[in-house]
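> Quick one: the structure is below, questions incoming.
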Amino acid sequence: MTVPAPDRTTDRSGLRPDGPPSEVVIARTVADVQETVRRAARAGTSVITRGAGSGLAGGAVAVAGAIVLDLSGLNRILSIDPVDGTARVEPGVITAELDRSAGEHGLFYAPDPGSVGISTVGGNIATNAGGLRGAKYGVTRDAVLSVEVVLADGSLVHLGRPTIKGVTGYDLAGLIVGSEGTLGIVVGATVRLLPKPPQVATASASFATLEDAAAAVAAVAVSGARPAVLEILDGATLAAIDAATGSALREHGDALLIAQTDGFGAEQEIAVVAAALAEGATGVEWTTDPAEAHRLLTARREALPAIERIGRPLIEDIAVPRSRLAEAIGRIRQVAAAREVPIFVFGHAGDGNLHPIIVAEPDTDGAIPEVAHRAADDIFALALELGGTVTAEHGVGRLKRDWARRELGADAVRLHEKVKALFDPQGILNPGSGF
Ligand SMILES: Cc1cc2nc3c(=O)[nH]c(=O)nc-3n(C[C@H](O)[C@H](O)[C@H](O)COP(=O)(O)OP(=O)(O)OC[C@H]3O[C@@H](n4cnc5c(N)ncnc54)[C@H](O)[C@@H]3O)c2cc1C
């Protein structure tokens, strides 16, 4: 069987390059990266860095004449130290592979985006990826201790330190996390690993409406429990997953919450979560069976691919304070009705992070239609109005620059521009992406 070569000029956002790149470099060593960047700096050529291309913001989409620098071949786990609770990795390591290897030492790597099986640790660092376990363990920034970065002149710097504590100097490693390939190229990292929880318990609760499910998230927030996972899915998403996988999730209600607790008191804690969920649910079940938990979380990870089977989606990624989640969901429903477009909603409810997915018939040229973009604008506006953000975890990329600037405000944008100019005076690193 012939396997098609991966398209290294785009990502999963649906955005297409404005023209062919001049070159695609598949780096195997840090020296390859440095040599490529030095060459680009001399010629004033843009460099578009990419990991696995699973990004949803158009950050790894080529621009005409640029060098695409693919880091997926720099994929070694260099060391795992169970005493320090750290791993040293190259950027192209697949996230799930790091978690699996940590597991051999009784540890785990907490950041687990829905794309954990395909995305790279470097891409996760560049986007400050969140994930299903974010409700308890935070985002990628919380796991990164230090980074090795190739700067825009090809030099290599080490930022941060391998210790859990340390406050010498500005937090430049933290600045690189989430900088989307616009300040430097991450060629190595030391990340934090945590002891693998001895016990895991998983609950699922069905609700008559999505608003009821959102209200239950608030009930969990004040219950005293701290679930590692708290995911929300609406009826349309459940139906899409059912159609794609043969499951029967939709028949239990128009919304589903999946919660998972972990640690020594996982069973006791899930009982508290289940009691909080039961207030508004039509049914709640919980289990300590790993196979059942795996089935539920795998179904959740299928949400986006299942919707992609239905049509060409515009994938959004807002967050609002958890206390405003129900309001945000109600308002998204109003946008769908007013714009007359289907909007699927799922997300990391424990973080107030919703993924409204707008699926409208593509234009004749295959482009996402204007009505979908207008609906997205309405959703960004409501996120900001409710005190939230236009991108919780996918990043700004090429798709959300205008809205990111609106969210940041003129003063913060000026500071961003100064930081960018300091790191990348020629503006060759991922131009047109980020801020
Ligand atoms: C099915 C599905 C589910 C998803 N679920 C989640 C989720 O739950 N949470 C979440 O946060 N995201 C999610 N995503 C989005 C995506 O997987 C993440 O943004 C991920 O971090 C991208 O990693 P990547 O290796 O594919 O990076 P790419 O897509 O290749 O690149 C992403 C950005 O990072 C930059 N970049 C990549 N590597 C480096 C590097 N080494 N140095 C500097 N810059 C670099 C690129 O220039 C680009 O701007 C999902 C995507 C899919 C398809």
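Going by my numbering, the first residue of the sequence shown is number 24, and it counts up by one from there. We put the CB at the ideal spot given by N, CA and C, even for glycine.
Does DSSP put Q222 in a helix, a strand or coil?
Residue state, collapsed to three classes: coil.
> What is the DSSP secondary structure of D93, reduced to helix, strand or coil?
Three-state DSSP puts D93 in a strand.
> What are the residues that DSSP puts in a beta bridge with S227?
DSSP, once it has assigned bridges, lists I281, E308 as partnering S227.
> Per the DSSP calculation, D257 is bridged to which residue(s)?
D257 pairs with A278.
> Verify the contact flag: V47, CB atom, against every heavy atom of ligand 1, threshold strictly below 6 Å.
It does not: the Cβ of V47 is nowhere closer than 6 Å to a heavy atom of ligand 1.
> With a cut-off of 8 Å on the beta carbons, I'd call L92 and T72 a contact; round off their distance for me.
5 Å between Cβ atoms; contact.
> So, S77 versus I148, is the Cβ gap smaller than 7 Å?
Not closer than 7 Å, so no.
> How long is the line joining the alpha carbons of T25 and A241, rounded to whole angstroms?
With a pLDDT of only 45 at T25, under the threshold of 50, the placement of this residue in the model should not be trusted; the figure read from the coordinates follows. Each residue's alpha carbon lies about 50 Å from the other.
> When we look at the beta-carbon of R51 and count the other beta-carbons within 10 Å, is it buried (16 or more) or exposed?
R51 is exposed by the Cβ-count criterion.
> May I ask which residues mark the beginning and end of the beta strand (DSSP E) holding G370?
G370 -> beta strand (DSSP E) spans 366-371.
> For the structure I just gave you, are there three or more beta carbon pairs, one from the region 423-443 and one from the region 192-208, closer than 8 Å?
Enough Cβ pairs lie closer than 8 Å, so yes.
> For the pair the region 126-143 and the region 216-234, tell me if three or more CB-CB distances fall below 8 Å.
Taking 8 Å as the limit for Cβ pairs, the verdict is that the region 216-234 does touch the region 126-143.
> Quick one: any contact between the region 309-316 and the region 370-385, if contact means 3 or more CB pairs under 8 Å?
Contact fails: fewer than three Cβ-Cβ distances are below 8 Å.
> Comparing alpha-carbon positions, which option in A342, V210, L155, A383 lies nearest L409?
The option with the nearest alpha carbon to L409 is A342.
> A236 and K159 - do their beta-carbons sit closer together than 7 Å?
Result no, Cβ atoms of K159 and A236 do not sit closer than 7 Å.
> What is the DSSP secondary structure of H417, reduced to helix, strand or coil?
Note: H417 maps to coil in three-state DSSP.
> Do G78 and ligand 1 come close, with the Cβ less than 6 Å from some heavy atom?
Yes, Cβ of G78 sits closer than 6 Å to a heavy atom of ligand 1.
> Using DSSP with H/G/I as helix, E/B as strand and the rest coil, what is S246?
In this structure, S246 counts as coil in the three-state DSSP scheme.
> In this structure, does DSSP put T300 in helix, strand or coil?
Correcting the residue identity first, residue 300 is Leu in this sequence and not Thr. Here L300 sits in helix by DSSP.
> Could you check whether V364 and A398 sit closer than 7 Å to each other, using their CB atoms as the reference points?
Yes, they are a contact pair.
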